[in-house]
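With the sequence shown counted from 1, adding 50 to any position gets you the working numbering.
C-beta atoms are modelled at their ideal positions from N, C-alpha and C, and glycine is treated no differently.
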Amino acid sequence: EAGSGEYDVSPDGSMLAFVANSRTGGVYENLDVYLMKTGSDEPENITSDNEASDWMPMFAPDGRSLADVRQSIPGFYGDQVKLMVRDLRSEKTRPLHENWDRSATGLVWAPDSKGRDGAIDDAATRRVYCLPLQGDPVRLTDATDFASLSISGDGTLGARNQSAVYPPRIVLVPKAKKAVRRLDQFNDDVLADVDMGTYKSVTYSGADGAEIQMWVHFPPGFDPDRKYPLLMAIHGGPHGAWTDLFHFRWNSQTFSSWGYVTAWPNFHGSSGFGQAFTDSINPDWLTKPYTDVIAAADWLANQPWIDSERMVAGGGSYGGYLSSVLLGREHPFKALVIHAAVYDMYAQTSADFAVHQERFGPYWENPEIYNTISPHLYAANFDTPSLVIHGQNDLRVPVGQAFELFRALQTNGVESRLVYY
Numbered sequence: 051e052a053g054s055g056e057y058d059v060s061p062d063g064s065m066l067a068f069v070a071n072s073r074t075g076g077v078y079e080n081l082d083v084y085l086m087k088t089g090s091d092e093p094e095n096i097t098s099d100n101e102a103s104d105w106m107p108m109f110a111p112d113g114r115s116l117a118d119v120r121q122s123i124p125g126f127y128g129d130q131v132k133l134m135v136r137d138l139r140s141e142k143t144r145p146l147h148e149n150w151d152r153s154a155t156g157l158v159w160a161p162d163s164k165g166r167d168g169a170i171d172d173a174a175t176r177r178v179y180c181l182p183l184q185g186d187p188v189r190l191t192d193a194t195d196f197a198s199l200s201i202s203g204d205g206t207l208g209a210r211n212q213s214a215v216y217p218p219r220i221v222l223v224p225k226a227k228k229a230v231r232r233l234d235q236f237n238d239d240v241l242a243d244v245d246m247g248t249y250k251s252v253t254y255s256g257a258d259g260a261e262i263q264m265w266v267h268f269p270p271g272f273d274p275d276r277k278y279p280l281l282m283a284i285h286g287g288p289h290g291a292w293t294d295l296f297h298f299r300w301n302s303q304t305f306s307s308w309g310y311v312t313a314w315p316n317f318h319g320s321s322g323f324g325q326a327f328t329d330s331i332n333p334d335w336l337t338k339p340y341t342d343v344i345a346a347a348d349w350l351a352n353q354p355w356i357d358s359e360r361m362v363a364g365g366g367s368y369g370g371y372l373s374s375v376l377l378g379r380e381h382p383f384k385a386l387v388i389h390a391a392v393y394d395m396y397a398q399t400s401a402d403f404a405v406h407q408e409r410f411g412p413y414w415e416n417p418e419i420y421n422t423i424s425p426h427l428y429a430a431n432f433d434t435p436s437l438v439i440h441g442q443n444d445l446r447v448p449v450g451q452a453f454e455l456f457r458a459l460q461t462n463g464v465e466s467r468l469v470y471y
């Protein structure tokens with residue numbers, strides 16, 4: 051289903067750029083950028099040299115360049131996204147910032163056509179960067195989270211800004227690293243009498259001794275001399291990250307209002323920490339993230355303000371996968387919340403996206419991958435009380451995954467509930 055980011059018209063209306071799947075058969079797509087004169091019926095594939103996907107074409111305001119983005123590894127949706135720029139006169143395309151270890155996302159052209167601004171996933175915080183056509187990326191923001199950039203003809207840059215302690219706001223982002231200026235007053239009256247919790251970023255040693263970032267959120271009125279129960283939230287993806295968000299599903303303030311400390315680790319595989327870190331869990335989804343979660347739990351259990359006998363964990367999609375992995379292995383959690391879990395890696399091939407197949411081959415060619423990492427193969431060890439949640443219309447993770455997991459729990463006599471939408 052195409053959106054506005056899948057096509058663009060040149061400023062003078064003479065050219066059209068659009069995205070289409072260039073593969074006409076099979077189950078795997080290769081998105082390419084096509085360019086054509088307005089009214090023509092002969093589009094040119096200008097990214098045919100790349101076997102992975104290319105998308106987000108945008109003409110420069112001066113009409114001289116066309117930018118798009120590309121990945122390099124077919125079948126790896128978390129692959130680094132590179133910014134490409136095509137000179138429309140010479141018809142030559144070049145990559146920008148090849149040595150920059152971040153993905154170019156959330157992009158808008160500067161009015162002078164000398165570069166682009168982006169909302170960049172950057173070490174657990176989406177920051178605004180200026181990405182010039184000549185020179186290195188320049189960071190414009192530091193703390194809190196920015197997205198949905200919009201730019202005016204005079205270069206004024208607007209964005210949506212949020213953090214764990216306030217929902218999205220509309221702000222102006224100055225180019226000189228000055229404080230952002232808020233434009234709206236939405237939610238001020240609603241939040242005027244709300245006591246928000248606090249939060250901080252910490253690091254701990256995870257798999258292979260790597261430094262792992264984790265957000266820790268504290269309840270309102272937090273007293274370090276008391277002991278609090280813990281909820282560890284395991285993010286989906288796995289190539290996503292917990293950034294500094296006022297999340298509307300996994301909302302830290304909701305859990306804090308119940309008196310929980312919450313922890314949000316960005317384990318191996320998380321985005322925003324560089325290509326090597328993101329790709330370090332492929333095809334073995336299990337070993338490093340599991341190690342990182344257990345290390346996070348150990349770090350928290352050793353804090354004087356955590357009650358190590360009252361720790362729970364949960365997550366959705368890949369977070370449900372890793373929660374299911376915990377079910378079958380040693381862990382310190384008294385209960386698990388398992389939402390939309392990728393539980394059976396064989397059954398996951400019925401989804402709209404069978405994540406490992408294109409890059410690493412189907413299970414009949416490489417059964418050792420699936421036999422190692424699929425949580426359902428460890429069902430004999432399940433003994434942790436669990437809440438399983440799933441929706442009928444989930445196409446990414448078919449609902450049968452939840453039914454299979456719930457049956458395994460019930461068969462083993464494990465205290466469990468299924469919430470089915």
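Helix, strand or coil at residue i according to DSSP, with G and I counted as helix
{"i": "R139", "result": "coil"}
{"i": "D239", "result": "helix"}
{"i": "Q184", "result": "coil"}
{"i": "T248", "result": "strand"}
{"i": "H381", "result": "coil"}
{"i": "Q162", "result": "One detail in the question is off: residue 162 reads as Asp in this sequence, not Gln. Reduced to three states, the DSSP call for D162 is coil."}
{"i": "L459", "result": "helix"}
{"i": "H426", "result": "helix"}
{"i": "F327", "result": "helix"}
{"i": "G203", "result": "coil"}
{"i": "G76", "result": "coil"}
{"i": "D258", "result": "helix"}
{"i": "S115", "result": "strand"}
{"i": "F317", "result": "coil"}
{"i": "T399", "result": "helix"}
{"i": "G271", "result": "coil"}
{"i": "A197", "result": "strand"}
Proximity below 8 Å, CB of residue i to CB of residue j
{"i": "A401", "j": "E454", "result": "no"}
{"i": "R152", "j": "D137", "result": "no"}
{"i": "D104", "j": "L85", "result": "no"}
{"i": "I262", "j": "P339", "result": "no"}
{"i": "H267", "j": "A214", "result": "yes"}
{"i": "G365", "j": "P425", "result": "no"}
{"i": "F109", "j": "P61", "result": "yes"}
{"i": "R231", "j": "P218", "result": "no"}
{"i": "D118", "j": "V158", "result": "no"}
{"i": "P269", "j": "Y310", "result": "yes"}
{"i": "R176", "j": "A197", "result": "yes"}
{"i": "D112", "j": "S122", "result": "no"}
{"i": "D394", "j": "Q451", "result": "yes"}
{"i": "R409", "j": "P124", "result": "yes"}
{"i": "S321", "j": "A351", "result": "no"}
{"i": "L280", "j": "R360", "result": "yes"}
{"i": "I356", "j": "Y278", "result": "yes"}
Span of the alpha helix (DSSP H), counted from its first residue to its last, around residue i
{"i": "Y420", "result": "417 to 423"}
{"i": "D342", "result": "337 to 351"}
{"i": "Q407", "result": "407 to 410"}
{"i": "G369", "result": "368 to 377"}
{"i": "L280", "result": "Run containing L280: none in the alpha helix (DSSP H); it sits in the beta strand (DSSP E), 278 to 284."}
{"i": "Q303", "result": "302 to 307"}
Enclosing beta strand (DSSP E) for residue i [first to last residue]
{"i": "T434", "result": "Element bounds for T434: n/a, residue is neither H nor E."}
{"i": "Y84", "result": "81 to 87"}
{"i": "Q212", "result": "207 to 213"}
{"i": "S466", "result": "466 to 470"}
{"i": "M395", "result": "Unbroken run through M395: none, as it is neither H nor E."}
{"i": "I123", "result": "Neither: I123 is in no beta strand (DSSP E) and is coded neither H nor E."}
{"i": "A96", "result": "It should be noted that the sequence gives Ile, not Ala, for residue 96. That residue, I96, is in no beta strand (DSSP E); it is neither H nor E in DSSP."}
{"i": "R219", "result": "216 to 222"}
{"i": "Y57", "result": "57 to 59"}
Burial state of residue i, where buried means 16 or more other Cβ atoms lie within 10 Å
{"i": "P354", "result": "exposed"}
{"i": "T304", "result": "exposed"}
{"i": "F236", "result": "exposed"}
{"i": "Y371", "result": "buried"}
{"i": "F298", "result": "exposed"}
{"i": "R144", "result": "exposed"}
{"i": "V59", "result": "exposed"}
{"i": "G168", "result": "buried"}
{"i": "K250", "result": "exposed"}
{"i": "Q442", "result": "exposed"}
{"i": "S306", "result": "buried"}
{"i": "G259", "result": "exposed"}
{"i": "Y179", "result": "buried"}
{"i": "P448", "result": "buried"}
{"i": "N71", "result": "exposed"}
Check your understanding: So does the stretch 275 to 292 actually touch the stretch 243 to 260, counting three or more Cβ pairs closer than 8 Å?
Key -> No, because fewer than three Cβ pairs between the stretch 275 to 292 and the stretch 243 to 260 fall closer than 8 Å, the two stretches do not touch.
Practice item. Decide yes or no for the touch test of the stretch 459 to 471 against the stretch 429 to 442: beta carbon pairs closer than 8 Å, at least 3 of them. Key: Touching, yes, given that three or more Cβ pairs across the two stretches are closer than 8 Å.
Point to revise | Segment contact flag, the stretch 344 to 364 with the stretch 320 to 334, C-beta cutoff 8 Å, min 3 pairs | key: Too few Cβ pairs lie closer than 8 Å, so no.
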